[in-house]
Amino acid sequence: MLGRVLGLYLALLPSPDPPPILDVVFPSFPRHDALSALTRGPLRFLTSAWPWRSLAYLSMSGLSGGAVLAIPLVLIFKLRAPDLVVISVAAVLTVIFVRLIGLPFELWRLRLLDPELAAQVPIRRRLAPRQLGYVVTSMMALWWIDVGVLVFSLGAPLLLLSAPLQPDASTWLGIWLAVLGGMLLFVSAYPMTAWMGARAALARAILFPQDRALGEIVRSRARLVDAFEAERRRIERDLHDGAQQRLVMLTIKLGLAQLDAPPGSPLATELHDAHALAVDALAELRELIRGIHPKVLTDRGLAAAIQDVAGHSEVPVKVDVLVTERLPATIESAAFYAVSEALTNVARHSGATRCSVRGEVRDDLLLVEVVDDGVGGADIGRGSGLQGLADRLAVVEGTLVVSSPVGGPTTLRVGIPCRTGSSE
Amino acid sequence: MPDRQLRIVVADDAVLLREGLVGLLERFGHKVVASVGDPDALLAAVDADTLDIVVTDVRMPPTFTDEGMRAALALRRAWPDLPVLVLSQYVEQTSAADLLDSGGGVGIGYLLKDRIGDIAQFVDAVVRVADGGTAIDPEVVRSLVSQTQQPIHRLTSREREVLALMAEGRSNASIATTLVITEAAVAKHIASILTKLDLPPATEGNRRVLAVLAYLRDTDPP
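Chains as they are written, first to last, in the UniProt record's numbering: chain A, 1 to 424; chain H, 1 to 222.
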């Protein structure tokens, strides 16, 4: 709660000059879990809900695990005659407790661990062996570690915090130690949240071992994009073979007709205008085809297509693309559109005088970088086409990094995994 | 009507366009001795001794990618003096450079297919290439030059003269005769031009073409 309030307060503070923007977009799976929270800046992490969630979750472990341990211990040692019957009764009671209280409780508190995961677990349905396995693991084994992490993380800071209350400590030393303890308290959020993250990963692994549903969604999305790509290529081919050829023919015919028309006659003027219109239509069609799916990309691959699009840029572009092999069509296409979009942005918004495109395949990763010397200040969030680009890259599990401080330069970096040898 | 009647072979797999090309060239008084639809037929139809120029599409069967370009390059290897004009639906830089480089850049052309519509200019280009000149699509020039950013004004006036003659597709010997200097001097000028234009140390011929393109951009902006 405190974190929320503090976070809100910080958000309401007037921000200084726009900072250099460095947005990393992993649009394929925007995850909100403990581990990704840890990778944020300390301020963002500490003001997030995660430290508190971790504290709550790990404390609960003591409760449920302790209860499971307590039932047999109390039975056995209160009766002081641990025989087979007592042990059996204890075992049965423990199982009943686990089934009736422990199980719903464990599954319920998953929402602290990972809300997405919790949403996928049907709590009141028939019990799946997998869920039972998870609950038993959690209540029998993991809770020890939960409590251990809690004690280890909070023990030292709380001890230090209590220093002023110790009778034999001097006041100043006590205060100093308390301040130290307070600082350590912030540090302790890290191991707790880290263990939470590990716990969530474990829960995910036990409850949804292959993440089958998600895998199917990814595959179906890839199939969809493949279908779109195929369709784009088909349209491009049809336009080339049909409309474009006929328009060229039309311009030839109109050109020939002009030769036969009496010079200066109204007919010659009309034919001249008609010819000009046909030439314009042809030019527009060529631009359209370039936008749909450039032929040069299909035929010659990424390097040639980037050369081609760079050749049309208003801003001079230096191209250095060292990708000689052919990559899967969807990857080539995504990378090409990234460059194309970037060059459009450079021409429209940047005011750059020069620009460079570099590309290479390194460690099964296609890297493409577009740098310009313009005014900078591009922002993924502000509808500059970059969001659409990020979405498009997401389909091929690509990433987009934009660095565009106000004043420039702007660097746009695209990474797309391209396991050579895989056909997808 | 032309000064002379050219004997032309036309190759394009699209029948409609091929017939259009034939009609166009014949309308201007030239003779199309063969019109073919695939690279094998093209190679078979070429009789270099009686032919003035080959006009071919890049895209041809069987794969419809660059068969026409490869046929054109094969023709140039077999008969470096045979003028060839290649028509393409898009600019492909590497093969464009290869083509313009073939046979020392004499009698060679690379135009976008759309340019056929400007019939007078197109037929001019055919005649120019047949006469040993060059016809380079402005788009090719733009594509190549936008990346190199050469400061062409750094050249001396003599170097520009040499470059202009290179652009006409002249050989070193021919340039030397025209400017009344030695061939060694021409070679020296060319080396200096290449250095001044910051052309990458790729193959000599490729640099020569790039230099020409830089010149074209400066004198005849698209």
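Virtual Cβ for every residue (Gly too), placed ideally from N, Cα, C.
Within 8 angstroms, strictly: CB atoms of residue i and residue j
i                         : j                         : result
aspartate 114 of chain H  : leucine 288 of chain A    : no
leucine 247 of chain A    : leucine 297 of chain A    : no
alanine 71 of chain H     : threonine 56 of chain H   : yes
methionine 139 of chain A : serine 64 of chain A      : yes
valine 395 of chain A     : alanine 222 of chain A    : yes
valine 319 of chain A     : isoleucine 331 of chain A : no
residue 434 of chain A    : valine 368 of chain A     : Any property of residue 434 of chain A remains undetermined from this structure, which presents chain A solely from 1 to 424.
leucine 24 of chain H     : aspartate 12 of chain H   : no
alanine 203 of chain A    : leucine 117 of chain A    : yes
valine 371 of chain A     : threonine 411 of chain A  : yes
threonine 171 of chain A  : leucine 38 of chain A     : no
leucine 302 of chain A    : valine 323 of chain A     : yes
valine 129 of chain H     : isoleucine 8 of chain H   : no
alanine 189 of chain A    : leucine 46 of chain A     : yes
aspartate 379 of chain A  : alanine 352 of chain A    : no
leucine 17 of chain H     : methionine 249 of chain A : yes
leucine 163 of chain H    : leucine 155 of chain H    : yes
glycine 398 of chain A    : alanine 304 of chain A    : no
aspartate 98 of chain H   : leucine 73 of chain H     : yes
valine 321 of chain A     : glycine 377 of chain A    : no
aspartate 364 of chain A  : proline 405 of chain A    : no
aspartate 137 of chain H  : valine 91 of chain H      : yes
leucine 389 of chain A    : glutamate 341 of chain A  : yes
leucine 42 of chain H     : valine 33 of chain H      : no
glycine 255 of chain A    : histidine 275 of chain A  : yes
residue 445 of chain A    : leucine 207 of chain A    : Within the shown structure, residues of chain A are numbered from 1 to 424, placing residue 445 of chain A beyond reach of any answer.
alanine 191 of chain H    : asparagine 172 of chain H : no
leucine 69 of chain A     : valine 149 of chain A     : no
alanine 261 of chain A    : leucine 271 of chain A    : yes
residue 284 of chain H    : leucine 51 of chain H     : Because chain H in this structure spans residues 1 to 222, residue 284 of chain H falls outside the shown range and cannot be described.
Partners in chain A for residue i, counting only beta-carbon separations shorter than 7 angstroms
i                     : result
lysine 113 of chain H : Val248
leucine 24 of chain H : Ile252 and Leu256
glycine 20 of chain H : Met249 and Ile252
One or two residues paired with residue i in a DSSP bridge
i                        : result
aspartate 372 of chain A : A/Cys355 and A/Thr410
serine 88 of chain H     : H/Leu112
aspartate 38 of chain H  : Answer by DSSP bridge pairing: none, since aspartate 38 of chain H is not bridged.
proline 417 of chain A   : A/Leu365
aspartate 320 of chain A : A/Arg358
threonine 134 of chain H : H/Ile108
arginine 7 of chain H    : H/Lys31
Cross-chain neighbours of residue i in chain H, by beta carbon under 8 angstroms
i                        : result
histidine 240 of chain A : Gln89
alanine 304 of chain A   : Glu92, Gln93 and Thr94
glycine 359 of chain A   : Residues of chain H passing the Cβ test: none, with the nearest at roughly 14 angstroms.
Cross-chain neighbours of residue i in chain A, by beta carbon under 8 angstroms
i                     : result
alanine 14 of chain H : Asp241 and Gln245
leucine 17 of chain H : Gln245, Val248 and Met249
Within-8 angstroms CB hit, residue i to chain C
i                      : result
leucine 322 of chain A : Structure shown: chain C not included; protein chains present are A and H.
Per-residue contacts from residue i into chain H (C-beta, under 7 angstroms)
i                      : result
leucine 282 of chain A : Asp114 and Gly117
glycine 374 of chain A : Going along chain H, no residue has its Cβ under 7 angstroms from glycine 374 of chain A, so there is no contact; the nearest lies around 16 angstroms.
glycine 291 of chain A : Under the 7 angstroms cutoff, chain H gives no residues; its nearest Cβ is about 13 angstroms from glycine 291 of chain A.
Partners in chain H for residue i, counting only beta-carbon separations shorter than 9 angstroms
i                       : result
valine 279 of chain A   : Asp114, Gly117 and Asp118
proline 294 of chain A  : Tyr90
arginine 286 of chain A : Gln89, Tyr90, Leu112 and Asp114
Chain-ordered neighbours of residue i on chain A, where CB pairs are closer than 9 angstroms
i                       : result
aspartate 66 of chain H : Asp299 and Arg300
arginine 70 of chain H  : Ordered by position in chain A, no residue passes the 9 angstroms Cβ test against arginine 70 of chain H, which lies about 13 angstroms from the chain.
arginine 27 of chain H  : Leu256 and Leu259
Length at least 4, wholly inside the stretch 27-85 of chain A: the alpha helix (DSSP H) runs in chain order:
34-38, 42-46 and 50-79
Is it a yes or a no for the stretch 87-99 of chain A touching the stretch 175-192 of chain A, going by three-plus beta-carbon pairs under 8 angstroms?
no
Report the residue ranges of all beta strand (DSSP E) runs contained in full by the stretch 10-74 of chain H; include only those spanning at least 3 residues, in chain order.
Runs found: 31-36 and 53-57.
Alpha helix (DSSP H) runs wholly inside the stretch 213-288 of chain A, at least 4 long, in chain order
245-260
Using a Cβ distance threshold of 8 angstroms, determine whether the stretch 128-137 of chain H contacts the stretch 153-166 of chain H, with at least three qualifying pairs required.
no
Would you call the stretch 73-90 of chain H and the stretch 98-109 of chain H touching, i.e. three or more CB-CB distances under 8 angstroms?
yes
Would you check if the stretch 228-244 of chain A and the stretch 155-171 of chain A touch, i.e. whether three or more CB-CB distances between them fall below 8 angstroms?
no
Starting from the N-terminal side, write out each stretch of the alpha helix (DSSP H) that is 4 residues or longer and does not extend beyond the stretch 98-160 of chain A.
103-108, 110-113, 115-120 and 129-136
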